[in-house]
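Participant: Before I ask anything, here is the structure I am working with.
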Amino acid sequence: MANEQSHTEKFEQLCAGYVLHALDREEREEFEEMLGEASAEERDLYQTMWTTANQLAFTVEQEEPPADLKERLMEIIREQQQDQNDNTVTNIDEGSPSDDKDRFNWSALGVAASFALLIVSLSLIFYSFNLNSSLSNKNNIIAEKNTQITQLKNELERKEEMLSILEARDVDLVMMAGRDVNPNGYGKVIWNASKQQALLQVSNLPTEASDKDYQLWLIKNNKPVSAGVFSVGNQNDAFFKIEQMAEADKQSTNAFAITLEPKGGVSQPTGDVYLLGNVGNK
């Protein structure tokens, strides 16, 4: 009886691993040999497990089973088998020999049901994981698209502001030429003095260091007044709206200049002059 029980336990364990494709080559060959000599009850158990696994394959998305899935299944089966063995020992003197077959059938059915429940639970976990991953990916895509939309809106607003300056009737164009430190550079200031608005275009300015900024100066009554800082990065040609345009009219404004200053700008110019342009004939 002990040998028969040991054979049944091993058959059930190998059967569970076989339908899960979790056995190594030697275990698989051993089970296939046992299956060739299996009893009717054992074949019923094998068919039940195999059918359950095949049906689940069509109801959930296939996933690579975790590396420790086999060991967890074996542990659950061993615990269930131990409980069944305890029940068998308790009742062995109370039943007749004919009850052994009934007990085996109930044991096989219990293992099959437990196995099916475990497969369903794992399948639901995998499905939930995939669903959450899919939702997370879609949320990331939506957030990325919203960021792009915001950037496009900001760029459109900036261009509309620039266009409104360009379309104004009373605008002056101040050409800026490169100085000794950067003779190939040049720029333009498109200036609407009445509305205190201006656009700056610069070309061929060297890429500034990370601790530096270019600073635009309005020379008013022969004194420099800061009109803001900017960086060109690796752009050869760049447009900027001058946000800090100082109050000045054509009579008091002498020139525009660009210097290279410490990051964030300074109150008075300290660096080399890269571009300079006189207003009118001054």
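Sequential numbering from 1 applies to the sequence shown in full-length UniProt numbering. Backbone N, C-alpha and C define an ideal beta-carbon position, used for all residues, glycine too.
1) Assign Trp50 to one of two classes, buried (16 or more other C-beta atoms within 10 Å of its C-beta) or exposed (fewer than that).
2) Need the endpoints of the beta strand (DSSP E) that Glu261 sits in, please.
3) One question on the structure: do Gln215 and Val229 come within less than 8 Å of each other, judged by their Cβ atoms?
4) Could you please give the first and the last residue of the uninterrupted beta strand (DSSP E) stretch that includes Leu20?
5) Note down the Cα distance separating Asn140 from Gln151, rounded to an integer number of angstroms.
6) Determine the direct distance from the alpha carbon of Gln148 to that of Lys195, and round the result to whole angstroms.
7) With which residues is Ala198 paired in a DSSP beta bridge?
8) Do Glu208 and Ser231 count as a contact pair if the criterion is CB distance below 8 Å?
9) List the residues that DSSP assigns as beta-bridge partners of Tyr186.
10) Give the DSSP-derived three-state secondary structure of Gly277 in the structure shown.
11) Take Leu205 and list the residues in its own chain whose beta-carbon comes closer than 7 Å to its own, dropping the five residues that flank it on each side.
12) Please name the residue or residues paired with Tyr214 in a DSSP beta bridge.
13) Is DSSP giving Asp44 helix, strand or coil here?
14) Just to confirm my understanding: we take Gln268, look at its own chain, exclude 5 residues before and 5 after, and list those with CB closer than 7 Å. What are they?
15) Going by the beta-carbon positions, is the gap between residue 292 and Leu260 smaller than 8 Å?
Facilitator: Once the coordinates are examined:
1) exposed
2) 253-262
3) yes
4) No beta strand (DSSP E) holds Leu20; DSSP gives it neither H nor E.
5) 17 Å
6) 32 Å
7) Trp191
8) yes
9) Ala177, Ser203
10) strand
11) Asn182, Gly185, Tyr214, Val232, Tyr274
12) Phe230, Leu260
13) helix
14) Pro224
15) Coverage of the chain is limited to positions 1 through 282, which leaves residue 292 absent and any answer about it impossible.
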